[in-house]
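Per the working numbering, the sequence shown starts with residue 8, numbered consecutively. Glycine included, each C-beta is placed from N, C-alpha and C at the ideal position. Being a predicted model, the structure only gives us computed values, none of them experimental.
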Amino acid sequence: MAQDKKKFGSVAEALDFAISREAEAYDFYMKWASLVEKPEMVKVLKDLAVEEQQHKIRLEAAKAGEIAIGEEEVGDLGLSDVVEAIEPKPDMSYIDLLVVAMKKENRSYRLYMDLALTVGKQELRDIFLKLAQEEAEHRLRFEIEYDLTTFQTRAKRQ
């Protein structure tokens, strides 16, 4: 994506960009929560929207200088790289929803990692690395759920 390589004139400008991305993610998940038909998927999507909203709040707090950012490693199962992308639709299955969520969280992870590599200020790099870590946590949660769900589906067929 061209915007991934965007140069920022200030920490505030980079944070504003990240804040707008989190707002877009919130809107995406809320839109699909209103379109899907299964109550369990509505809940998953609304939960994701809340998490993205919390990211936005944390970014706004970082912009205001109110929080310190730490980081830690998060692993993954690699499933988001091997499953085929799915276009979201109102009647998608739970497994399809998990694929959409995995892919979305993986794109967010990669965006924040790319942003961390392009900024010069350590403070800003730390913020983007922390956001990448949180997106990796989301991705891992969906990969685990996908793995469990598809395993259970295969086991029922046997």
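Exposure of residue i, with buried meaning 16 or more beta-carbon neighbours within 10 Å
i      : result
Leu124 : exposed
Ser41  : exposed
Ala108 : buried
Ile64  : exposed
Ala56  : buried
Leu22  : buried
Leu66  : buried
Continuous alpha helix (DSSP H) stretch holding residue i: start and end
i      : result
Asp103 : Tyr101 to Thr125
C-alpha distance - residue i paired with residue j, whole-angstrom precision
i      : j      : result
Gly127 : Asp54  : 34 Å
Pro97  : Glu130 : 41 Å
Tyr153 : Ala162 : 14 Å
Glu20  : Thr160 : 46 Å
Thr157 : Ile102 : 7 Å
Lys70  : Ile26  : 10 Å
Ala68  : Lys38  : 26 Å
Tyr33  : Glu59  : 5 Å
Glu44  : Ser17  : 43 Å
Val49  : Gln61  : 18 Å
Asp121 : Phe135 : 9 Å
Residue i at chain D interface by Cβ criterion, 8 Å
i     : result
Ala68 : Included in the structure is just one protein chain, with no chain D present.
| request: Can you check the segment 29 to 78 for any beta strand (DSSP E) of at least 3 residues that lies completely inside it and give the ranges in chain order? | output: For the segment 29 to 78, not a single whole beta strand (DSSP E) run of length 3 or above is found.
| Touch test, the segment 100 to 119 against the segment 141 to 156, Cβ-Cβ under 8 Å, three pairs minimum | Judged by Cβ distances under 8 Å, the segment 100 to 119 makes contact with the segment 141 to 156, as three or more pairs qualify.
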